[in-house]
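Undergrad: In terms of our numbering, the sequence shown opens at residue 5 and continues consecutively. Glycine included, every Cβ here is placed at the ideal spot set by N, Cα and C.
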Amino acid sequence: MSVRLEIAGKTAYIEHIIFVQIKRTDERGTLRVTNQHYLKQTKDSEYAFVLEGNNELFGTGALAEVGAHAHHLGMRRVALYTDPQVSKLPSLETVEKSLRDRGIRVSIFTDVEIEPSDRSLKAAIRFAEEDAFDGFVSIGGGSVIDTCKAVSLYASYPPKHFLDYVNQPLGKALPASGPLKPHIACPTTFGTASECTSVAIFNFVELGTKAGISNRAIKPALGIVDPEALKTLPAPVVAANGMDVFSHAVESYTARPYTQRPAPDDPTNRPVIQGANPISDLNCLEAIRLIGNNLIEAVRNPDDFGAREQLSFAGLLAGIGFGTAGCNLPHGMSYAVSGLVRDYRATGWPRDKPLVPHGFAVIVNSPSVFRFMGPTCPARHLEAAQALGLVDDGRLPGDLLADGLIDIMRTIGVPNGLRGLGYGDDDLDALTEKGWKQRRVVDNAARQISKEEMREIFAGALRYW
Ligand SMILES: [Fe+2]
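1. Less than 7 Å between the CB of aspartate 248 and some heavy atom of ligand 3, yes or no?
2. Kindly indicate the opening and closing residues of the beta strand (DSSP E) around leucine 217.
3. Residue ranges of each alpha helix (DSSP H) run of no fewer than 4 residues wholly in the segment 31 to 117, ordered along the chain?
4. Give me whichever residues DSSP pairs with proline 261 in a beta bridge.
5. Using CA coordinates, which residue listed in Asp122, Leu321, Pro173 is at the minimum distance from serine 198?
6. Counting Cβ pairs closer than 8 Å, one from the segment 100 to 112 and one from the segment 78 to 92, do we hit at least three?
7. Considering just the uninterrupted stretch of the alpha helix (DSSP H) at proline 371, what are its terminal residues?
8. Run through DSSP, which three-state label would histidine 187 get?
9. Can you find the residues in the same chain that come closer than 7 Å, C-beta to C-beta, to arginine 471, ignoring five residues on each side of it along the sequence?
10. Note down the Cα distance separating glycine 139 from tyrosine 158, rounded to an integer number of angstroms.
11. Assess contact between the segment 269 to 283 and the segment 146 to 158, defined as three or more Cβ pairs (one per stretch) separated by less than 8 Å. Is contact present?
12. For arginine 28, which of helix, strand or coil comes out of DSSP?
13. Just tell me which of Phe326, Leu315, Lys357, Ile188 has its CA closest to the CA of arginine 260.
14. Tell me the rounded alpha-carbon separation between aspartate 248 and serine 284.
15. Count the CB pairs spanning the segment 206 to 222 and the segment 289 to 298 that are closer than 8 Å, and state whether there are at least three.
16. What are the start and end residues of the alpha helix (DSSP H) that includes serine 147?
17. Looking at ligand 1, does it come within less than 7 Å of valine 366, judged from the CB to the closest heavy atom?
18. Quick one: is tyrosine 51 buried, meaning 16 or more other Cβ sit within 10 Å of its Cβ, or exposed?
19. Where does leucine 286 land, buried or exposed, given buried means 16+ other C-beta within 10 angstroms?
20. Please state whether DSSP places valine 303 in a helix, a strand or coil.
21. Tell me the DSSP secondary structure of phenylalanine 194 in three-state form.
22. By the 10 Å Cβ neighbour count, where 16 or more other Cβ atoms means buried, how is histidine 76 classified, buried or exposed?
23. If you count every other CB in all the chains shown that lies within 10 Å of the CB of alanine 383, and 16 or more means buried, which is it?
24. Leucine 404 and alanine 389: beta carbons closer than 8 Å?
25. Here's the rule: buried if 16 or more other CB atoms are within 10 angstroms of the residue's CB, otherwise exposed. What is asparagine 305?
26. Do glycine 65 and glutamate 313 count as a contact pair if the criterion is CB distance below 8 Å?
27. Going by DSSP, name the residue or residues bridged to serine 121.
28. Compute the distance between the beta-carbons of asparagine 332 and alanine 204, then report whether it is under 8 Å.
29. Is threonine 328 near ligand 1 - that is, is its Cβ less than 7 Å away from at least one heavy atom of it?
30. If you count every other CB in all the chains shown that lies within 10 Å of the CB of glutamine 442, and 16 or more means buried, which is it?
31. Leucine 422 and leucine 359: beta carbons closer than 8 Å?
Next up, the structure:
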C-alpha cells in the first residue's frame with residue numbers, strides 16, 4: 005500500500021511506512037511519545053485539556069425516570085418548560101406523570117419560542133420568579149433547553165441588568181454567584197446537544213443579532229436522552245439534525261488544537277471551549293461513523309427505529325465532543341445564514357415566520373469550508389472522510405469530504421447551498437459582515453482566516469449541484 009504525502013503543494017507517494025510518531029525527551033531524560041497533531045507550540049502554550057462532568061442518561065424509555073432523578077436532586081416544586089408543539093406530544097405527559105408520581109408539584113410553561121428571542125426568554129424568567137421553584141425540567145429541542153438553562157441562571161441569581169450574564173461584547177459575561185437550582189434537560193430531537201453544553205443562544209431582537217450565554221454553571225445537572233422521542237420526528241427534521249451532528253463532529257475534529265492556545269494564568273479556570281483534544285477526537289470520529297452508517301436510512305425509512313436510535317447516540321457523542329472542542333467556521337457562518345433569512349420556510353417546522361432550520365443553516369457552509377480548510381489539516385479531513393465511509397481515491401482530502409457530504413445532502417433533501425435558502429451573489433457582503441462578528445467560533449478554526457477569505461467561502465457555498 006502506498007501513502008500519499010503532500011508537502012507545500014507537492015505530492016509524493018511513499019511505499020513503506022511502518023509507524024510514524026514523534027518521540028521527545030523531557031528535561032529528566034524520560035522518553036515521551038507525542039501525538040504530532042498536539043505538539044506543544046511554545047513554552048507558554050497549553051499542554052493539558054479538561055473533561056468536566058457530563059451527567060447524561062441515555063436509553064429508550066429513560067424519559068419515564070425523570071421523576072426519580074428530580075426527586076433525587078431535591079426537587080419538590082418544579083417549573084417545567086416546553087414549546088407549543090411539544091406540549092401536544094405524549095412525551096410531555098410522560099414527564100409530567102413521572103414527576104407527579106414522585107409527589108413533585110409541577111407548573112408548566114408552554115410558550116418557549118423556536119429560535120427564542122430575548123422577549124421569549126424574559127417571559128420564561130418571569131414565570132420562574134412567580135413561585136418558589138426549587139428545580140427546573142425542560143422537554144423539547146435546543147430552543148427549549150437553552151431557554152431553561154438561561155432561566156436556571158437568571159432565576160437562581162437575578163442580575164442587576166439583563167445583559168450581565170450575556171457574552172461580551174454585548175454583555176459582561178458575569179459568572180454565577182454559586183451553584184444553580186438543578187435543571188434536568190430532556191431533548192425530544194437530537195443534534196443540538198444543548199443538554200450537555202454550557203451555552204445558551206437566543207435572538208436579541210433590538211440589535212438584530214444572536215446572543216449567547218456561555219457559563220459553566222448552566223450545564224444541566226442531568227440530561228435524559230430517550231431515543232423514543234425520535235420515532236415521530238418528520239424526515240426533514242431528521243435530515244437537518246443529522247447534518248448538524250455531522251458538522252459538530254467534523255468541526256470539532258478539525259478545530260484548532262488545544263495546544264495552539266496559551267496556557268491559562270489560572271489552571272483552575274480553563275476555558276469551556278479548548279479546541280480539538282484527544283477525548284473529543286474519539287467522540288467525534290465515532291459520531292461521524294454513526295452518521296455515515298445510519299442517516300440516509302433514518303431519513304428514508306421512518307420505521308427503522310434502530311437507525312434513529314444510533315443517530316440519537318451520535319448526537320450525544322458529538323455534543324460531548326464539541327462541548328469541549330468547540331465548533332468553527334460552518335457554525336460561525338450559520339448565524340448569518342439564519343439571521344438574514346428573508347422568506348425561506350421549511351417543511352416540518354412552524355411556517356408562520358421565515359426560518360432556516362439550524363442544521364440547514366450550518367451544513368450549507370460545510371462543503372465550502374472543507375474545501376477551503378482541507379489543505380490546512382489534510383490528515384484530519386481524510387480521517388473524517390474515511391470515518392464517513394469514503395475511500396481515499398487521490399482527491400484532496402477536503403474535496404473528498406466535501407463531495408461525500410454533498411452526495412448525502414442531495415440524497416436526504418437538504419437545500420442546495422445558500423441559493424437553496426434564497427440567497428444570491430448580492431448577499432455575500434451582508435453574510436460576511438454578520439458571520440465575521442462570530443469571533444469565538446471563527447477563531448476556533450485550524451487557521452486564522454481573513455474577512456475576504458470568509459466571503460470567498462460563502463461564495464463557494466452558493467450552489468453545490
Ligand atoms: Fe449545531
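TA: On the basis of the data shown:
1. With respect to ligand 3, the structure offers nothing, as its ligand set consists of ligand 1.
2. Numbered from 1 along the sequence shown, position 213 holds the residue referred to as residue 217. Note on identity: in this sequence residue 217 is isoleucine, with leucine being the wrong assignment. Counting along the chain, the beta strand (DSSP E) containing isoleucine 217 begins and ends at 213 to 218.
3. 70 to 76, 94 to 105
4. By one-based count along the sequence shown, residue 261 stands at place 257. Partner(s): Ala280.
5. Walking along the sequence shown from the start, residue 198 turns up at place 194. Here the closest residue by C-alpha is Leu321.
6. yes
7. Residue 371 sits at position 367 when you count from the first residue of the sequence shown. Looking at the DSSP string, the run of the alpha helix (DSSP H) that includes proline 371 is 370 to 377.
8. On the sequence shown, position 183 is the one that residue 187 refers to. Strand, per DSSP.
9. Since the displayed the chain opens at 5 and closes at 469, residue 471 lies outside it and no answer follows.
10. Against the sequence shown, residue 139 aligns to sequence position 135. Against the sequence shown, residue 158 aligns to sequence position 154. When rounded, the distance between both Cα atoms is 13 Å.
11. no
12. Looking up residue 28 in the sequence shown gives position 24. Because arginine 28 sits at a pLDDT of 47, beneath the cut-off of 50, its placement in the model cannot be relied upon, and the following sentence gives the value as read from the coordinates. Reduced to three states, the DSSP call for arginine 28 is strand.
13. Counted from its first residue, the sequence shown places residue 260 at position 256. Closest option to arginine 260, Cα to Cα, is Phe326.
14. As a position in the sequence shown, residue 248 is number 244, starting the count at 1. As a position in the sequence shown, residue 284 is number 280, starting the count at 1. Cα-Cα distance, rounded: 16 Å.
15. no
16. Reading the sequence shown from its first residue, position 143 is the one you call residue 147. Looking at the DSSP string, the run of the alpha helix (DSSP H) that includes serine 147 is 146 to 160.
17. To locate residue 366, count along the sequence shown from 1; it is residue 362. Yes, ligand 1 has a heavy atom inside 7 Å of this Cβ.
18. For the purposes of this step, residue 51 is identified with residue 47 of the sequence shown, where counting begins at 1. Per the 10 Å Cβ criterion, exposed.
19. Against the sequence shown, residue 286 aligns to sequence position 282. That one is exposed.
20. The residue you call residue 303 lines up with position 299 of the sequence shown. Three-state result, valine 303: helix.
21. Numbered from 1 along the sequence shown, position 190 holds the residue referred to as residue 194. Coil.
22. By one-based count along the sequence shown, residue 76 stands at place 72. The residue is exposed, with fewer than 16 neighbouring Cβ atoms inside 10 Å.
23. Along the sequence shown, read from residue 1 onward, the residue named residue 383 stands at position 379. Label assigned to alanine 383: exposed.
24. Position 400 of the sequence shown holds residue 404. Position 385 of the sequence shown holds residue 389. Yes, Cβ-Cβ distance for leucine 404 and alanine 389 is below 8 Å.
25. Sequence index remark: in the sequence shown, residue 305 carries index 301 (1-based). It counts as exposed.
26. Translated into the one-based positions of the sequence shown, residue 313 becomes position 309. Translated into the one-based positions of the sequence shown, residue 65 becomes position 61. The answer is no: Cβ separation not under 8 Å.
27. To locate residue 121, count along the sequence shown from 1; it is residue 117. For serine 121, which the question treats as bridged, DSSP gives the partners Asn207.
28. Here residue 332 refers to the residue found at position 328 when the sequence shown is read from its first residue. Here residue 204 refers to the residue found at position 200 when the sequence shown is read from its first residue. In this structure, alanine 204 does not lie closer than 8 Å to asparagine 332 by Cβ.
29. For the purposes of this step, residue 328 is identified with residue 324 of the sequence shown, where counting begins at 1. Every heavy atom of ligand 1 is 7 Å or more from the Cβ of threonine 328, so no.
30. Position 438 of the sequence shown holds residue 442. Result: buried.
31. By one-based count along the sequence shown, residue 422 stands at place 418. By one-based count along the sequence shown, residue 359 stands at place 355. It is not a contact, given that the beta carbons lie outside the stated cut-off.
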